[in-house]
Amino acid sequence: MKISNEHISKILREIAVYLEMQNVPFKPRAYEKTAIAVADLSEDLHALYEKGGIKAIEEIEGVGVSIAEKIEEIIKTGYLKYYDQLKKKTPVDVSSLMSVEGLGPKKIKKLYQELKITNVEELERSARAGKIRSLEGFGEKTEENILKSLEFLRQAGGRFILGYIMPDIRKIESDLKKLKEVKKIIVAGSVRRRKETIGDVDILIVSSKPAPVMDFFVNMPNVARVVTHGSTKSAVKLKNGLDVDVCVVAEKSYGAALNYFTGSKYHNIALREIAIKYGFNLNEYGLFKGKKTITGKTEEEIYKKLGLDYIEPEMRENEGEIELSSEHKLPKLIGYNDLQGDLQIQTNWTDGSNTIEEYAEVAIKKGLKYIVITDHTKRLAMTGGLDEKKLLKQIAEIGKINEKLSAKGYKFKILAGSEVDILKDGTLDLKDEALKKLDVCGTAIHSYFNLPKEEQTKRIIRAMENPHVDIIFHPTGRIINRRPAYEVDIDEIIKAAKRTNTVLEIDAFPDRLDLKDDYIRKCVFAGVKLAIDSDAHLVSHMDFLEFGIAQARRGWATKDDIINTRPVEAMLKLLKK
DNA sequence: GCCGTTTTCGGCCCGACTGTTTTCAGTCG
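Just so we're aligned: 15 in my numbering is position 24 of the first sequence, and the numbers increase by one with no gaps anywhere.
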């Protein structure tokens, strides 16, 4: 049996919880750290082990001899004796119980010892029967909170897709901003780091009169319940299930608090460890030496005092950015206003809802200089995909609209493109003679998602080898929270992209964000060019470009790595001849 | 259990809030 990285990560995470149940010091953190590292690994552990043996496993950050041996045992046998022993002592469904808000290792242990609770169903039954309130350390309130938390888990399932929830977040931000007591406000946390999905929202406020701010916040009309209501920190759950935390700080601590609440947790831990080496102490109030304040007002100052260059929030994942920063080698990330064009747009010629002209008008308003029309092709019959004849007609239509725009004095260009379907064998569903007529030829997979990895990889590489194909759209095909990526060897894809001079797309659609961040990083390191496109099916979808840029920044991409940061002629020059 | 330009042994991030407590453990971020 082949063991996935997620499976190994889950076992390691559960071991951390079990050790914490037994009050074992420090080891839990070692296991937890490794669990995260394994989950984030872009390479398959199984493959890594086959290639490099246990030595290769030990290379992973945070993995030493002992954990490497345990990972080896899981890969070889499918089991881990150490884990089984721990599980025998407390045979409970750790992962699901840990996802219940308010429950941690100690409480889970108690619930098992006293009430023999092993899973969320039994937890719910006991809570409903009022059996939990009488346990030592528990009470009526705890029992109530457990039931509420279970209810939420049932309906929301956890994480929100950033691009879809962002309008709600910005509304709360602007409502709070209107209060006269609010001097400064910023959304920190995973929202500021622009993670593709978020678990909650952390809002930071500077105010010398926090009480009215807190009162307004917990009484907002869309609040379902108040989780905590303190003098400087409050938390609510909204009716849509989103958790929002607000923290009020003094101006002098703003930078430290912003840094603290932006995270990531592991970026912060690394910063505090650096602080300790300097004899400092870093917390959410500032950077201190004993009782003396060194700084705290801005993030820039804090990084500087730690000998670091300022690190953009999108990079703060403790993935090597701190080392680069200390060597003054951080990349200059692409900016949110750097795009000049959008290279993937579907119109009402196929499954889009707006006309070519409507897209052009909105794009001009957004300040873009060009767009590429990329309707589907004939194999996608359900979308009314274009055949060679219809495509020629569309090219002629685009020419006419360009003339109209230019007559009106606009310096804006609509380019003819396509989202040509890649067939099962890697050939395309339109003839080369038609493709030749396009300004930009994009291609994508829309079928046979379940091919074996090797075949799927070959299929895409064959498409890239077509001399007319400029871009591969959404290269891994995942849809966040709905379906996983199809199996491809991303390293081979990237190698082939470099060799064939094919551009890979960062699809900005909020539930795609395909490529994901660490694949983008691989492209950047390999020198493969990328494009950020909205994949719009409606004019309003062009607003999603922002999230594509965010994703590119999370992947450490610079302006130069993204072809559509350039004027139209320069962009076209980068494509295949 | 991991790690090292202060260390191969002796450290390991830090504070707020809640609910249970009469001074604090557990959880969270």
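The beta carbon of each residue, even a glycine, is placed where N, CA and C say it ideally should be.
Do you know how far the Cα of residue j is from the Cα of residue i?
| i | j | result |
| --- | --- | --- |
| aspartate 505 | threonine 284 | 44 Å |
| glycine 343 | glycine 375 | 10 Å |
| leucine 273 | asparagine 339 | 55 Å |
| lysine 296 | phenylalanine 17 | 29 Å |
| alanine 241 | threonine 188 | 30 Å |
| proline 82 | tyrosine 103 | 8 Å |
| leucine 324 | proline 501 | 20 Å |
| lysine 357 | aspartate 31 | 35 Å |
| glycine 95 | leucine 406 | 56 Å |
| serine 86 | lysine 243 | 40 Å |
| alanine 398 | isoleucine 392 | 10 Å |
| phenylalanine 440 | isoleucine 481 | 15 Å |
| lysine 98 | isoleucine 362 | 56 Å |
| glutamate 23 | aspartate 166 | 38 Å |
| leucine 321 | lysine 380 | 49 Å |
| isoleucine 470 | alanine 476 | 7 Å |
| glycine 539 | threonine 289 | 28 Å |
| alanine 454 | lysine 507 | 21 Å |
| lysine 520 | aspartate 300 | 27 Å |
| alanine 372 | glycine 408 | 18 Å |
| arginine 145 | glycine 130 | 23 Å |
| glycine 326 | glutamate 496 | 17 Å |
| glutamate 164 | serine 199 | 18 Å |
| isoleucine 569 | valine 227 | Residue 569 lies beyond the range of the chain shown here (-8 to 568); nothing can be said about it. |
| proline 203 | lysine 256 | 30 Å |
If I follow the unbroken beta strand (DSSP E) through residue i, where does it start and stop?
| i | result |
| --- | --- |
| leucine 330 | Looking at the DSSP string, leucine 330 is not in any beta strand (DSSP E), and its letter there is neither H nor E. |
| aspartate 234 | 234 to 240 |
| histidine 459 | Where histidine 459 is concerned, there is no enclosing beta strand (DSSP E), given that its DSSP letter is neither H nor E. |
| glycine 433 | 431 to 435 |
| glycine 277 | 277 to 280 |
| isoleucine 285 | 283 to 286 |
| isoleucine 176 | 175 to 178 |
| leucine 273 | 272 to 274 |
| leucine 495 | 494 to 498 |
Can you say whether residue i is buried or exposed, counting buried as having 16 or more other CB atoms within 10 angstroms of its CB?
| i | result |
| --- | --- |
| lysine 230 | exposed |
| phenylalanine 516 | exposed |
| asparagine 250 | buried |
| glutamate 41 | exposed |
| asparagine 328 | exposed |
| valine 218 | buried |
| glutamine 13 | exposed |
| threonine 25 | buried |
| threonine 68 | exposed |
| proline 466 | buried |
| asparagine 345 | buried |
| asparagine 457 | buried |
| valine 239 | buried |
| alanine 248 | buried |
Could you say which of the options lies nearest to residue i if we only look at CA atoms?
| i | options | result |
| --- | --- | --- |
| aspartate 234 | Ile6, Ser225, Ala241, Gln104 | Ser225 |
| leucine 195 | Val214, Pro212, Ala215, Lys168 | Lys168 |
| valine 494 | Lys564, Asp534, Glu445, Pro558 | Lys564 |
| methionine 157 | Leu170, Val192, Ser125, Ser409 | Val192 |
| serine 117 | Glu127, Leu138, Lys100, Gly128 | Leu138 |
| glycine 154 | Ile108, Asp534, Pro558, Trp547 | Asp534 |
| isoleucine 462 | Lys107, Ile451, Thr109 | Ile451 |
| glutamine 569 | Glu292, Glu305, Ser316, Gln385 | The question about residue 569 has no answer, for the chain in this structure spans -8 to 568. |
| arginine 20 | Arg4, Leu106, Glu34 | Arg4 |
| glycine 53 | Val519, Ile123, Glu310 | Glu310 |
| tyrosine 294 | Lys280, Ala266, Glu308, Ser198 | Ala266 |
| serine 569 | Leu429, Asp420, Lys427, Lys428 | The chain is shown from -8 up to 568; residue 569 falls before or after that span and cannot be answered. |
| glutamate 314 | Gln331, Arg184, Ala435, His258 | His258 |
| alanine 354 | Leu529, Thr448, Glu308 | Leu529 |
Residues bridged to residue i by DSSP?
| i | result |
| --- | --- |
| tyrosine 361 | Gly332, Lys404 |
| alanine 527 | Ile336 |
| threonine 188 | Ile152 |
| lysine 228 | Arg216, Asp234 |
| glutamate 410 | His367, Gly433 |
| isoleucine 553 | Leu521 |
| leucine 324 | Thr549 |
Between which two residues does the alpha helix (DSSP H) carrying residue i extend?
| i | result |
| --- | --- |
| alanine 548 | Counting along the chain, alanine 548 falls outside any alpha helix (DSSP H), and DSSP gives it neither H nor E. |
| asparagine 250 | 245 to 253 |
| valine 515 | 508 to 517 |
| glutamate 49 | 36 to 49 |
| histidine 258 | 256 to 268 |
| glutamate 388 | 379 to 398 |
| asparagine -4 | -4 to 12 |
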